[in-house]
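Quick note on numbering: the working numbering labels position 77 of the sequence shown as 71, and the sequence is numbered without any gaps.
Don't be surprised by glycine CBs; every beta carbon is placed ideally from N, CA and C.
One structure below.
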Amino acid sequence: MKKYDELAKEWRERRKNMLLDKENPICNWDDTDILFFRENQGKKITDDNPYVNILDVEEFELLLENEPFPLSPPTMNNPGNPKNVTAEFFKVMHTEVTGDEMYYFKDQKISIERIMKEIKDGAPEPNPDKKMDLYELKGEMKKYAVSLGFSSVGVTKVDRRYISAGFENEISYDTIILLGYEMPKEIIKNYPKPQGELGAFYAYTGCARNVHKVADFIRDKGYQCQARDWKGAIKYPPHAVNAGLGNYSTYGVCITPEAGTRLKYCAILIDELPVDEPKDFNIEEFCSRCRMCQKSCPSKSIPKEEKMHKGILKRQTRFSSCFELMVTDRECMKCVRVCPFSLFGYEKCMDTLPDYYRYNLAKEDLDIEFLRKEGEIDGEK
Ligand code: SF4
Ligand code: SF4
């Protein structure tokens, strides 16, 4: 098997040549099944959901609409199958880091198969004896989810603008429980050295291993529900913000006080649970002064240019170039790794760091020495 670095070098060379060669057929990264959620219908979908108005449509359009994908070559080993572009990289990356190309995918496969089966044949029947009132159930469910390793849990209404095209009928419930699983700080800060785990896949797998346990817990208390995995055809950031888990970051994900941007989400759909209120943690104001993620993004996917929306500065992350770098550069994660909320935690950001970030804002280059002194980062290139 080729080494990951060899593969990446070969890929970059081949990509360059293919882009210069106008006669060769080309394909897009979004031909891979992993990206189906991109076909979001955004504000085209409206309904009578009263909670929709809590969210500002234009703000989300700016944050989450993706630019058209750039042209990229088919695959290195199988020109007919564009899915192999990502599959080949994942296979080698996972083998080099964990010693097993299926290390993470085993649990994800089991989880996805169960989700598909429940959609097709119906989920297990809930306990006919409804044991709790709904507020009590919500509290118990949260406690149980936290005990399984989910660091952020909240409930909101499904916003149908953020369901992927073609999946509307699968999402037949009107309430959603957001479950955020943390990528441990130790894994993120040690990038790019292989440490036996990958950050994003660690959290995706945590979601896969535990989301059905929470769904079964709810059924045991007498209520029917449906588990959705990390690519559950629902855009999670707007729902996470609306469920009061956190606020938007500069690059469009939800920052929570518990874990900053080090979270991956899965969800459970239900009808009955009472919703949580959105909260203002003053994170967006901090982001507008910081720009660490934008300055450190190797593929320049987080643009420097900002637009003012409701008094908040926002940037539109270019998903296409980000995804390519994530696949061909061991998950990348630089934006997560330099984010002060992910590194130092919410309290410290709010209490002691604003002065530093105000100073940093005036500088074009990231002052990584500051972070080194804090002892939180090593291995920085
Ligand atoms: S993962 Fe890497 S390429 Fe993508 S936005 Fe973050 S820093 Fe940029
Ligand atoms: S690095 Fe800074 S600007 Fe980027 S998400 Fe984190 S706090 Fe916000």
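Rounded to whole angstroms, the gap between the alpha carbons of residue 289 and residue 297 is 9 Å.
Between residue 85 and residue 196, the alpha-carbon positions lie close to 15 Å from each other.
Rounded to whole angstroms, residue 228 and residue 3 show a C-alpha spacing of 34 Å. Its Cα nearest to that of residue 121, the residue 218 stands out among 321, 218, 338. DSSP places residue 152 in no alpha helix (DSSP H); its state is neither H nor E. Proximity of the beta carbon of residue 218 to ligand 2 is not indicated: no heavy atom of the ligand is located closer than 8 Å.
DSSP, read as helix, strand or coil, puts residue 321 in helix. If you check the C-beta of residue 334 against ligand 1, you find no heavy atom less than 8 Å away.
CA-CA distance, residue 6 to residue 280, rounds to 36 Å. The Cβ atoms of residue 174 and residue 144 sit closer than 9 Å to each other. It is roughly 11 Å from the alpha-carbon of residue 245 to the alpha-carbon of residue 278. In the DSSP annotation of this structure, the continuous segment of the alpha helix (DSSP H) that includes residue 103 starts and ends at 99 to 115. The secondary-structure analysis by DSSP pairs residue 93 with nothing; it has no beta-bridge partner. Around the beta carbon of residue 98, 16 or more other beta carbons sit within 10 angstroms, so the residue counts as buried. For the pair of segments examined, the segment 251 to 270 was found to touch the segment 165 to 172: the number of CB pairs separated by less than 8 Å reaches three. Boundaries of the alpha helix (DSSP H) around residue 279: 277 to 284. When the beta-carbon positions are compared, residue 183 and residue 90 stay at least 9 Å from each other. Taking the C-beta atoms as reference points, residue 157 is found no nearer than 9 Å to residue 212.
Residue pairing of residue 176 in beta bridges, as defined by DSSP: 257.
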